[in-house]
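In UniProt numbering, the protein residues as written are 1 to 486.
By construction, the Cβ of each residue, glycine as well, lies at the ideal position given by its N, Cα and C atoms.
The structure presented is a predicted model; accordingly, all values stated were derived computationally and were not measured.
The next block holds one structure in the form of C-alpha coordinates; read it before the comments.
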(Lines of atoms letter the chains of each structure in order from A; the text may use other names.)
(Lines give C-alpha, C1' and ligand atoms only; values in the text may rest on other atoms or scores of the structure.)
Protein backbone atom coordinates (compact mmCIF):
# COMPACT_ATOMS: atom_id res chain seq x y z
CA UNK A 1 0.00 0.00 0.00
CA UNK A 2 1.28 3.38 -0.88
CA UNK A 3 2.05 5.58 2.09
CA UNK A 4 1.40 9.33 2.11
CA UNK A 5 4.55 11.33 2.53
CA UNK A 6 4.72 13.48 5.60
CA UNK A 7 8.00 15.15 4.77
CA UNK A 8 6.42 18.44 3.74
CA UNK A 9 3.23 18.23 5.82
CA UNK A 10 2.78 21.11 8.23
CA UNK A 11 2.99 20.23 11.89
CA UNK A 12 0.07 21.12 14.15
CA UNK A 13 0.61 24.30 16.22
CA UNK A 14 2.23 23.63 19.57
CA UNK A 15 1.85 25.73 22.71
CA UNK A 16 5.01 27.50 23.72
CA UNK A 17 6.66 25.52 26.45
CA UNK A 18 8.29 28.63 27.92
CA UNK A 19 4.94 30.47 28.03
CA UNK A 20 2.93 27.64 29.53
CA UNK A 21 5.61 26.87 32.08
CA UNK A 22 5.45 30.42 33.46
CA UNK A 23 1.66 30.60 33.87
CA UNK A 24 0.35 30.65 37.43
CA UNK A 25 -3.25 29.56 37.95
CA UNK A 26 -5.05 30.67 41.10
CA UNK A 27 -8.42 29.82 42.58
CA UNK A 28 -9.42 32.89 44.54
CA UNK A 29 -12.65 32.41 46.46
CA UNK A 30 -13.99 30.07 43.77
CA UNK A 31 -12.92 32.14 40.74
CA UNK A 32 -9.99 31.16 38.52
CA UNK A 33 -7.27 33.66 37.63
CA UNK A 34 -4.29 33.12 35.35
CA UNK A 35 -1.20 35.29 35.25
CA UNK A 36 2.55 34.91 34.95
CA UNK A 37 5.22 34.47 37.57
CA UNK A 38 6.84 37.67 36.28
CA UNK A 39 3.66 39.66 37.01
CA UNK A 40 3.42 38.27 40.55
CA UNK A 41 7.11 39.01 41.16
CA UNK A 42 6.33 42.74 40.87
CA UNK A 43 4.68 42.47 44.28
CA UNK A 44 8.13 42.34 45.91
CA UNK A 45 10.02 39.69 47.83
CA UNK A 46 8.05 40.29 51.04
CA UNK A 47 4.71 39.43 49.40
CA UNK A 48 3.45 35.83 49.47
CA UNK A 49 2.32 36.29 45.86
CA UNK A 50 5.93 36.45 44.67
CA UNK A 51 6.62 32.94 45.95
CA UNK A 52 3.81 31.27 43.96
CA UNK A 53 5.23 28.90 41.35
CA UNK A 54 3.67 28.12 37.94
CA UNK A 55 0.75 25.69 38.15
CA UNK A 56 -1.61 24.03 35.62
CA UNK A 57 -5.32 24.87 35.42
CA UNK A 58 -6.27 21.53 36.97
CA UNK A 59 -4.11 22.16 40.05
CA UNK A 60 -4.44 25.88 40.90
CA UNK A 61 -3.17 27.60 44.01
CA UNK A 62 -6.10 28.27 46.32
CA UNK A 63 -6.48 31.63 48.07
CA UNK A 64 -9.39 32.13 50.43
CA UNK A 65 -9.84 35.82 49.56
CA UNK A 66 -12.41 38.10 47.91
CA UNK A 67 -12.08 37.62 44.11
CA UNK A 68 -13.32 41.16 43.36
CA UNK A 69 -10.58 42.75 45.43
CA UNK A 70 -7.96 40.33 44.13
CA UNK A 71 -8.92 41.25 40.56
CA UNK A 72 -8.09 44.91 41.29
CA UNK A 73 -4.74 43.93 42.85
CA UNK A 74 -3.84 41.71 39.90
CA UNK A 75 -4.77 44.50 37.49
CA UNK A 76 -2.49 46.86 39.44
CA UNK A 77 0.44 44.42 39.15
CA UNK A 78 -0.20 43.92 35.43
CA UNK A 79 -0.68 47.46 34.19
CA UNK A 80 0.69 49.80 36.84
CA UNK A 81 -2.69 51.53 37.00
CA UNK A 82 -4.97 51.48 40.00
CA UNK A 83 -8.77 51.29 39.74
CA UNK A 84 -10.53 52.66 41.64
CA UNK A 85 -8.39 55.70 42.35
CA UNK A 86 -8.00 56.40 45.21
CA UNK A 87 -8.38 52.88 46.63
CA UNK A 88 -11.19 51.96 49.00
CA UNK A 89 -10.41 50.96 52.62
CA UNK A 90 -11.31 47.36 51.70
CA UNK A 91 -8.80 47.34 48.84
CA UNK A 92 -6.11 48.82 51.11
CA UNK A 93 -6.78 46.10 53.68
CA UNK A 94 -6.51 43.43 50.98
CA UNK A 95 -3.23 44.93 49.75
CA UNK A 96 -1.96 44.90 53.33
CA UNK A 97 -2.77 41.16 53.56
CA UNK A 98 -0.48 40.52 50.58
CA UNK A 99 2.20 42.99 51.86
CA UNK A 100 1.42 45.25 48.93
CA UNK A 101 0.11 48.28 50.79
CA UNK A 102 3.46 50.09 50.70
CA UNK A 103 3.83 49.59 46.95
CA UNK A 104 0.23 50.56 46.32
CA UNK A 105 0.35 53.69 48.48
CA UNK A 106 3.67 54.79 46.98
CA UNK A 107 2.13 54.58 43.52
CA UNK A 108 -0.77 56.91 44.34
CA UNK A 109 1.28 60.10 44.24
CA UNK A 110 4.58 59.47 42.41
CA UNK A 111 7.10 62.29 42.31
CA UNK A 112 7.62 61.65 38.59
CA UNK A 113 4.01 62.79 38.01
CA UNK A 114 4.54 66.16 39.71
CA UNK A 115 3.76 69.12 37.46
CA UNK A 116 3.21 72.50 39.15
CA UNK A 117 1.00 73.92 36.41
CA UNK A 118 -1.23 70.83 36.62
CA UNK A 119 -1.76 71.07 40.37
CA UNK A 120 -5.43 71.11 41.30
CA UNK A 121 -7.20 70.95 44.69
CA UNK A 122 -8.11 67.29 45.25
CA UNK A 123 -8.89 66.98 48.97
CA UNK A 124 -9.69 69.03 52.05
CA UNK A 125 -8.65 67.13 55.17
CA UNK A 126 -10.48 68.26 58.34
CA UNK A 127 -8.60 68.24 61.64
CA UNK A 128 -10.08 67.49 65.04
CA UNK A 129 -10.12 70.08 67.82
CA UNK A 130 -10.46 73.84 67.73
CA UNK A 131 -6.90 74.76 66.78
CA UNK A 132 -5.88 75.56 63.21
CA UNK A 133 -2.80 73.78 61.81
CA UNK A 134 0.55 75.44 62.40
CA UNK A 135 2.76 73.14 60.32
CA UNK A 136 2.40 70.55 57.58
CA UNK A 137 4.85 68.06 56.02
CA UNK A 138 4.87 65.21 53.48
CA UNK A 139 6.92 62.01 53.63
CA UNK A 140 9.98 62.23 51.38
CA UNK A 141 10.73 59.91 48.47
CA UNK A 142 11.08 56.92 48.22
CA UNK A 143 8.35 56.63 50.87
CA UNK A 144 4.67 56.90 50.06
CA UNK A 145 3.50 60.53 50.08
CA UNK A 146 1.69 60.41 53.42
CA UNK A 147 0.80 63.77 54.97
CA UNK A 148 1.39 65.00 58.53
CA UNK A 149 -0.12 68.10 60.14
CA UNK A 150 0.47 69.75 63.52
CA UNK A 151 -2.47 71.44 65.23
CA UNK A 152 -1.97 72.62 68.77
CA UNK A 153 0.14 69.96 70.48
CA UNK A 154 -1.24 67.15 68.33
CA UNK A 155 0.45 65.66 65.26
CA UNK A 156 -1.92 63.87 62.86
CA UNK A 157 -0.77 61.58 60.06
CA UNK A 158 -2.80 60.71 56.95
CA UNK A 159 -1.75 57.76 54.81
CA UNK A 160 -0.92 58.29 51.13
CA UNK A 161 -4.48 57.39 50.16
CA UNK A 162 -5.72 60.10 52.56
CA UNK A 163 -8.15 57.44 53.81
CA UNK A 164 -7.00 56.83 57.38
CA UNK A 165 -5.44 58.96 60.08
CA UNK A 166 -3.44 58.47 63.27
CA UNK A 167 -2.72 61.13 65.91
CA UNK A 168 0.07 61.55 68.44
CA UNK A 169 -0.21 63.85 71.46
CA UNK A 170 2.98 65.73 72.33
CA UNK A 171 3.78 67.69 75.52
CA UNK A 172 4.09 70.86 73.43
CA UNK A 173 1.24 73.41 73.56
CA UNK A 174 1.97 74.37 69.94
CA UNK A 175 4.34 73.18 67.21
CA UNK A 176 6.46 75.39 64.94
CA UNK A 177 8.74 72.85 63.24
CA UNK A 178 7.66 69.55 61.70
CA UNK A 179 9.75 67.01 59.79
CA UNK A 180 8.56 63.69 58.39
CA UNK A 181 11.17 60.95 58.31
CA UNK A 182 8.90 58.13 57.10
CA UNK A 183 5.18 57.30 57.09
CA UNK A 184 5.59 55.97 60.64
CA UNK A 185 7.84 58.65 62.17
CA UNK A 186 7.61 62.45 62.42
CA UNK A 187 9.60 64.96 64.48
CA UNK A 188 7.98 67.97 66.14
CA UNK A 189 9.41 70.98 67.98
CA UNK A 190 8.52 74.47 69.21
CA UNK A 191 10.52 77.67 69.47
CA UNK A 192 9.73 78.35 73.13
CA UNK A 193 9.92 74.78 74.47
CA UNK A 194 12.84 72.35 74.81
CA UNK A 195 13.54 69.23 72.82
CA UNK A 196 12.54 67.49 69.60
CA UNK A 197 9.57 65.17 70.11
CA UNK A 198 9.54 61.82 68.28
CA UNK A 199 6.04 61.01 67.04
CA UNK A 200 5.52 57.38 66.03
CA UNK A 201 2.31 56.31 64.31
CA UNK A 202 1.67 52.71 65.36
CA UNK A 203 -2.02 52.36 64.55
CA UNK A 204 -5.44 53.95 64.53
CA UNK A 205 -5.61 54.93 68.22
CA UNK A 206 -4.27 58.13 69.81
CA UNK A 207 -0.65 57.71 70.93
CA UNK A 208 1.79 59.92 72.84
CA UNK A 209 5.25 61.09 71.84
CA UNK A 210 7.66 58.40 73.02
CA UNK A 211 11.12 60.04 73.05
CA UNK A 212 12.76 63.44 72.81
CA UNK A 213 16.13 64.73 71.59
CA UNK A 214 17.96 67.54 73.41
CA UNK A 215 21.08 69.64 72.96
CA UNK A 216 23.47 67.83 75.33
CA UNK A 217 25.16 71.05 76.51
CA UNK A 218 21.84 72.85 77.11
CA UNK A 219 18.88 70.45 77.59
CA UNK A 220 16.46 73.32 78.20
CA UNK A 221 17.18 74.92 74.79
CA UNK A 222 14.31 75.45 72.38
CA UNK A 223 14.30 74.37 68.72
CA UNK A 224 14.22 76.96 65.92
CA UNK A 225 14.31 74.73 62.84
CA UNK A 226 14.91 71.16 61.67
CA UNK A 227 15.99 69.27 58.56
CA UNK A 228 16.65 65.59 57.89
CA UNK A 229 18.81 63.71 55.43
CA UNK A 230 17.28 61.17 53.07
CA UNK A 231 17.29 57.48 54.00
CA UNK A 232 20.16 55.57 52.37
CA UNK A 233 21.38 51.98 52.30
CA UNK A 234 24.97 53.11 52.86
CA UNK A 235 24.56 55.85 55.47
CA UNK A 236 22.56 56.47 58.62
CA UNK A 237 19.76 59.01 58.46
CA UNK A 238 20.52 62.20 60.34
CA UNK A 239 18.40 64.95 61.83
CA UNK A 240 19.76 68.50 62.05
CA UNK A 241 18.17 70.66 64.74
CA UNK A 242 18.89 74.33 65.42
CA UNK A 243 18.89 75.00 69.18
CA UNK A 244 18.90 78.29 71.10
CA UNK A 245 19.41 78.55 74.86
CA UNK A 246 16.72 79.92 77.17
CA UNK A 247 18.73 83.10 77.81
CA UNK A 248 19.24 83.59 74.02
CA UNK A 249 23.00 83.84 74.54
CA UNK A 250 24.13 80.63 72.79
CA UNK A 251 23.03 78.51 69.86
CA UNK A 252 24.17 75.56 67.75
CA UNK A 253 23.01 73.08 65.16
CA UNK A 254 23.17 69.52 66.48
CA UNK A 255 23.15 66.46 64.21
CA UNK A 256 21.48 63.31 65.58
CA UNK A 257 21.71 59.76 64.26
CA UNK A 258 18.08 58.70 63.89
CA UNK A 259 18.97 55.03 64.23
CA UNK A 260 20.64 55.35 67.64
CA UNK A 261 18.89 58.65 68.61
CA UNK A 262 22.27 59.95 69.78
CA UNK A 263 23.99 63.27 68.98
CA UNK A 264 26.75 62.96 66.38
CA UNK A 265 28.25 66.43 65.95
CA UNK A 266 27.69 70.03 67.04
CA UNK A 267 27.85 72.52 64.16
CA UNK A 268 28.51 76.27 64.20
CA UNK A 269 28.19 76.98 67.91
CA UNK A 270 27.72 80.69 68.67
CA UNK A 271 27.95 82.69 71.89
CA UNK A 272 26.55 86.19 72.45
CA UNK A 273 28.81 88.50 74.45
CA UNK A 274 27.22 91.68 75.73
CA UNK A 275 24.63 93.26 73.47
CA UNK A 276 26.20 92.18 70.16
CA UNK A 277 23.24 90.08 69.05
CA UNK A 278 24.00 90.47 65.34
CA UNK A 279 27.34 88.70 65.77
CA UNK A 280 25.65 85.42 66.69
CA UNK A 281 22.34 85.14 64.83
CA UNK A 282 20.98 81.59 65.29
CA UNK A 283 19.76 79.64 62.22
CA UNK A 284 15.98 79.70 61.84
CA UNK A 285 15.97 77.87 58.49
CA UNK A 286 17.75 74.57 57.82
CA UNK A 287 17.76 72.58 54.57
CA UNK A 288 19.74 69.56 53.44
CA UNK A 289 21.18 69.34 49.91
CA UNK A 290 21.75 65.63 49.41
CA UNK A 291 23.33 65.97 45.97
CA UNK A 292 25.96 68.40 47.27
CA UNK A 293 26.21 66.94 50.79
CA UNK A 294 25.74 70.42 52.23
CA UNK A 295 23.65 71.84 55.06
CA UNK A 296 22.05 75.24 54.54
CA UNK A 297 21.70 77.24 57.76
CA UNK A 298 20.20 80.73 57.65
CA UNK A 299 18.93 83.20 60.23
CA UNK A 300 18.04 86.89 60.44
CA UNK A 301 17.61 89.59 63.07
CA UNK A 302 15.60 92.80 62.92
CA UNK A 303 17.08 95.78 64.77
CA UNK A 304 17.05 99.60 64.75
CA UNK A 305 19.25 99.66 61.64
CA UNK A 306 17.02 97.26 59.76
CA UNK A 307 17.16 93.54 59.07
CA UNK A 308 20.45 91.65 59.05
CA UNK A 309 20.91 87.98 58.21
CA UNK A 310 23.51 85.23 57.82
CA UNK A 311 23.49 82.39 55.30
CA UNK A 312 26.00 79.57 55.69
CA UNK A 313 26.71 76.33 53.87
CA UNK A 314 28.27 73.54 55.92
CA UNK A 315 30.11 70.44 54.78
CA UNK A 316 29.94 68.49 58.04
CA UNK A 317 32.49 65.98 56.74
CA UNK A 318 35.13 68.72 56.46
CA UNK A 319 34.46 70.97 59.47
CA UNK A 320 31.85 71.67 62.12
CA UNK A 321 33.31 75.07 62.99
CA UNK A 322 34.13 76.69 59.62
CA UNK A 323 31.47 76.81 56.86
CA UNK A 324 32.45 76.25 53.25
CA UNK A 325 30.66 79.49 52.33
CA UNK A 326 28.89 82.32 54.15
CA UNK A 327 27.38 85.71 53.42
CA UNK A 328 26.07 88.55 55.58
CA UNK A 329 22.76 89.98 54.30
CA UNK A 330 22.08 93.69 54.86
CA UNK A 331 20.58 95.79 52.06
CA UNK A 332 17.74 93.49 50.97
CA UNK A 333 18.02 90.76 53.60
CA UNK A 334 16.09 87.57 52.96
CA UNK A 335 12.57 87.11 54.21
CA UNK A 336 13.08 83.41 53.46
CA UNK A 337 15.73 81.31 51.74
CA UNK A 338 15.77 77.88 50.08
CA UNK A 339 18.19 75.61 48.23
CA UNK A 340 17.75 73.43 45.14
CA UNK A 341 19.84 70.33 44.47
CA UNK A 342 18.63 69.87 40.91
CA UNK A 343 19.17 73.54 39.97
CA UNK A 344 22.44 73.83 41.99
CA UNK A 345 21.34 77.17 43.36
CA UNK A 346 20.19 79.14 46.39
CA UNK A 347 17.04 81.24 46.20
CA UNK A 348 15.75 83.99 48.45
CA UNK A 349 12.84 86.41 48.73
CA UNK A 350 14.03 89.91 49.61
CA UNK A 351 12.46 91.22 52.81
CA UNK A 352 12.39 94.77 51.45
CA UNK A 353 11.57 94.15 47.79
CA UNK A 354 9.64 90.88 47.85
CA UNK A 355 11.51 89.92 44.66
CA UNK A 356 13.15 86.53 44.05
CA UNK A 357 16.95 86.25 43.82
CA UNK A 358 19.19 83.37 42.74
CA UNK A 359 22.79 82.44 43.61
CA UNK A 360 24.65 79.74 41.64
CA UNK A 361 26.13 77.16 44.03
CA UNK A 362 28.89 76.37 41.53
CA UNK A 363 30.22 79.92 41.80
CA UNK A 364 30.16 80.22 45.58
CA UNK A 365 33.40 79.86 47.49
CA UNK A 366 34.89 81.20 50.68
CA UNK A 367 33.73 84.43 52.28
CA UNK A 368 30.99 86.13 50.29
CA UNK A 369 31.10 89.43 52.18
CA UNK A 370 32.88 91.31 49.38
CA UNK A 371 30.97 89.86 46.44
CA UNK A 372 27.21 89.96 46.07
CA UNK A 373 26.26 86.44 44.93
CA UNK A 374 22.63 87.26 44.15
CA UNK A 375 21.04 87.85 40.77
CA UNK A 376 17.49 89.17 40.73
CA UNK A 377 15.31 86.95 38.53
CA UNK A 378 12.28 89.17 39.10
CA UNK A 379 11.83 92.91 38.56
CA UNK A 380 15.26 94.44 39.14
CA UNK A 381 14.13 98.06 39.01
CA UNK A 382 11.37 97.39 41.51
CA UNK A 383 13.81 95.55 43.76
CA UNK A 384 16.24 98.46 43.73
CA UNK A 385 13.54 101.05 44.45
CA UNK A 386 12.03 99.00 47.30
CA UNK A 387 15.44 98.46 48.89
CA UNK A 388 16.35 102.15 48.65
CA UNK A 389 13.08 103.18 50.31
CA UNK A 390 13.35 100.40 52.93
CA UNK A 391 9.96 98.97 52.19
CA UNK A 392 8.83 95.62 53.60
CA UNK A 393 7.18 94.05 50.58
CA UNK A 394 8.62 90.62 51.38
CA UNK A 395 6.97 90.28 54.78
CA UNK A 396 5.12 86.94 55.21
CA UNK A 397 6.60 85.57 51.96
CA UNK A 398 7.86 81.99 51.91
CA UNK A 399 10.10 80.22 49.40
CA UNK A 400 10.69 76.52 48.83
CA UNK A 401 12.36 74.34 46.19
CA UNK A 402 10.97 71.03 45.01
CA UNK A 403 12.50 69.00 42.19
CA UNK A 404 13.13 71.43 39.28
CA UNK A 405 10.90 74.25 40.49
CA UNK A 406 10.96 77.15 42.93
CA UNK A 407 7.76 78.12 44.76
CA UNK A 408 6.93 81.39 46.51
CA UNK A 409 3.93 81.81 48.81
CA UNK A 410 2.64 85.37 48.86
CA UNK A 411 -0.10 85.76 51.43
CA UNK A 412 -2.85 83.48 50.03
CA UNK A 413 -1.49 82.38 46.65
CA UNK A 414 1.49 80.45 45.27
CA UNK A 415 3.74 81.40 42.36
CA UNK A 416 6.14 79.01 40.65
CA UNK A 417 9.44 79.71 38.89
CA UNK A 418 10.54 77.40 36.10
CA UNK A 419 13.90 77.23 34.36
CA UNK A 420 13.59 77.53 30.57
CA UNK A 421 16.11 77.64 27.74
CA UNK A 422 16.13 80.56 25.31
CA UNK A 423 17.93 80.33 21.99
CA UNK A 424 19.31 83.54 20.50
CA UNK A 425 22.03 84.57 18.07
CA UNK A 426 24.60 84.44 20.84
CA UNK A 427 23.65 80.88 21.80
CA UNK A 428 21.46 79.18 24.39
CA UNK A 429 20.96 80.45 27.90
CA UNK A 430 18.79 79.40 30.81
CA UNK A 431 16.45 81.83 32.51
CA UNK A 432 13.77 81.57 35.19
CA UNK A 433 10.16 82.33 34.28
CA UNK A 434 7.28 82.99 36.70
CA UNK A 435 3.81 81.51 36.62
CA UNK A 436 1.07 80.80 39.15
CA UNK A 437 -0.36 77.67 40.71
CA UNK A 438 -4.11 77.29 40.27
CA UNK A 439 -5.96 80.55 39.62
CA UNK A 440 -2.96 82.66 40.60
CA UNK A 441 -3.11 85.87 42.63
CA UNK A 442 -6.88 85.85 42.99
CA UNK A 443 -7.78 86.59 46.62
CA UNK A 444 -11.15 84.85 46.45
CA UNK A 445 -12.19 81.25 45.90
CA UNK A 446 -14.58 80.00 43.22
CA UNK A 447 -17.36 80.32 45.81
CA UNK A 448 -16.56 83.98 46.43
CA UNK A 449 -14.92 83.36 49.82
CA UNK A 450 -11.77 85.33 50.60
CA UNK A 451 -8.64 83.19 50.66
CA UNK A 452 -6.76 82.97 53.96
CA UNK A 453 -3.00 83.49 54.26
CA UNK A 454 -0.76 80.44 53.92
CA UNK A 455 0.98 79.66 57.24
CA UNK A 456 2.70 76.40 56.24
CA UNK A 457 3.18 74.29 53.14
CA UNK A 458 4.89 71.12 51.98
CA UNK A 459 5.75 69.25 48.79
CA UNK A 460 6.11 65.51 48.19
CA UNK A 461 5.25 62.95 45.56
CA UNK A 462 2.89 64.67 43.11
CA UNK A 463 1.34 66.79 45.87
CA UNK A 464 1.40 70.18 47.49
CA UNK A 465 -0.20 70.64 50.92
CA UNK A 466 -1.28 74.02 52.32
CA UNK A 467 -2.26 75.12 55.81
CA UNK A 468 -4.05 78.47 56.03
CA UNK A 469 -4.58 80.78 58.97
CA UNK A 470 -7.69 80.02 61.06
CA UNK A 471 -8.67 77.09 58.79
CA UNK A 472 -8.98 73.79 60.69
CA UNK A 473 -8.17 71.72 57.63
CA UNK A 474 -5.37 70.95 55.16
CA UNK A 475 -5.66 71.63 51.43
CA UNK A 476 -4.17 68.90 49.25
CA UNK A 477 -3.29 69.77 45.66
CA UNK A 478 -2.27 66.96 43.28
CA UNK A 479 -1.05 66.77 39.69
CA UNK A 480 -1.23 62.97 39.33
CA UNK A 481 -3.90 61.63 37.01
CA UNK A 482 -4.23 58.30 38.72
CA UNK A 483 -1.86 56.54 36.33
CA UNK A 484 1.11 54.89 37.94
CA UNK A 485 4.32 55.31 35.96
CA UNK A 486 6.61 52.32 35.66
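Suppose only complete runs of 3+ residues qualify. What are the beta strand (DSSP E) ranges in the UniProt domain "BTB" (22-115), listed by chain order? Whole beta strand (DSSP E) segments, 3+ residues: 23-28, 31-36 and 61-63.
If we ignore side chains and look at the alpha-carbon of each, how far apart do residue 316 and residue 345 end up? Rounded to the nearest whole angstrom, the C-alpha separation of residue 316 and residue 345 is 19 angstroms.
Could you tell me which residues DSSP pairs with residue 300 in its beta bridges? Paired residues: 309.
In this structure, does DSSP put residue 555 in helix, strand or coil? Since the first residue shown for the chain is 1 and the last is 486, residue 555 is missing from the structure and cannot be characterised.
Nearest residue (CA-CA) to residue 357, options 342, 371, 375 and 363: In this structure, 375 is the residue among 342, 371, 375 and 363 with its C-alpha nearest to the C-alpha of residue 357.
Would you mind listing the beta strand (DSSP E) stretches within the region 206-292 that are 3+ residues and don't spill past its ends, in chain order? Within the region 206-292, the runs of beta strand (DSSP E) that reach at least 3 residues and sit entirely inside it are, in chain order, 211-213, 222-228, 238-244, 250-257, 262-271 and 285-289.
Looking at the unbroken beta strand (DSSP E) that takes in residue 380, where does it start and where does it end? Careful: residue 380 lies outside any beta strand (DSSP E), inside the alpha helix (DSSP H) at 380-388.
For residue 178, which residues of its own chain have a beta-carbon under 6 angstroms away from its beta-carbon, when the five flanking residues on both sides are left out? Correct list, in chain order: 135, 137, 150 and 188.
Since I believe residue 253 is in contact with residue 298 (beta carbons under 8 angstroms), could you give me their beta-carbon distance rounded to a whole number of angstroms? Contact between residue 298 and residue 253 does not hold, since their C-beta atoms are separated by about 11 angstroms, which reaches or exceeds 8 angstroms.
How would you write the range of the beta strand (DSSP E) that residue 400 sits in, first residue to last? Annotation for residue 400: the continuous beta strand (DSSP E) segment containing it runs 398-402.
For residue 118, does the three-state DSSP call read helix, strand or coil? Shown here, residue 118 sits in a helix according to DSSP, grouped into three states.
Enclosing beta strand (DSSP E) for residue 186 [first to last residue]: Taken as a continuous stretch (DSSP letters only), the beta strand (DSSP E) holding residue 186 covers 185-190.
Would the beta-carbon of residue 186 fall within 8 angstroms of that of residue 223? 8 angstroms or more divides the Cβ of residue 186 from the Cβ of residue 223.
Could you check where the beta strand (DSSP E) with residue 329 kicks off and where it finishes? Counting along the chain, the beta strand (DSSP E) containing residue 329 begins and ends at 325-329.
Out of curiosity, what's the CA-to-CA distance linking residue 473 and residue 132? So the alpha carbons of these two residues sit roughly 7 angstroms apart.
Extract the residue ranges of the alpha helix (DSSP H) inside the region 139-178, only unbroken runs of 4 or more that lie entirely within it. Within the region 139-178, no run of alpha helix (DSSP H) reaches 4 residues while sitting entirely inside it.
Inspect the beta-carbon positions of residue 170 and residue 157 and report whether they are closer than 8 angstroms. Result no, Cβ atoms of residue 170 and residue 157 do not sit closer than 8 angstroms.
Neighbour-count burial assignment, residue 139, 16 or more Cβ in a 10 Å radius: Residue 139 should be labelled buried.
Sub-8 angstroms separation of residue 409 and residue 477 beta-carbons: Contact flag unset, no.
Under three-state DSSP, which class holds residue 364? Correct three-state label for residue 364: coil.
Among 196, 218, 248 and 247, whose alpha-carbon lies nearest the alpha-carbon of residue 225? Comparing Cα positions, the closest option is 196.
Helix, strand or coil: which one does DSSP assign to residue 348? It is a strand residue.
If I measure Cβ to Cβ from residue 211 and keep anything under 7 angstroms in the same chain, skipping five residues before and after, which residues do I get? Correct list, in chain order: 198 and 261.
Assuming residue 387 and residue 331 form a contact by the criterion Cβ under 8 angstroms, report the distance between their Cβ atoms to the nearest whole angstrom. About 5 angstroms; that satisfies the 8 angstroms criterion.
Residue nearest to residue 279 in terms of C-alpha spacing, selected from 57, 303 and 182: It is 303 whose Cα lies nearest to the Cα of residue 279.
Is the CB-CB distance between residue 92 and residue 144 below 8 angstroms? No, Cβ-Cβ distance for residue 92 and residue 144 is not below 8 angstroms.
What is the C-beta distance between residue 256 and residue 206, in whole angstroms, given that I count them as a contact (C-beta under 8 angstroms)? That pair is no contact at about 26 angstroms.
Among 421, 453 and 414, which residue has its Cα nearest to the Cα of residue 437? Checked all of 421, 453 and 414; the closest Cα to residue 437 is 414.
Does residue 59 pass the burial test, meaning 16 or more other C-beta atoms within 10 Å, or should it be called exposed? So residue 59 counts as exposed.
Residue 202: first and last residue of the uninterrupted beta strand (DSSP E) it sits in: First-last for residue 202: undefined, no H or E at that position.
Could you give the first and the last residue of the continuous beta strand (DSSP E) run that contains residue 409? Segment 405-410, the beta strand (DSSP E) holding residue 409.
Is it true that the CB of residue 238 sits closer than 8 angstroms to the CB of residue 264? Taking 8 angstroms as the Cβ cut-off, residue 264 and residue 238 qualify as a contacting pair.
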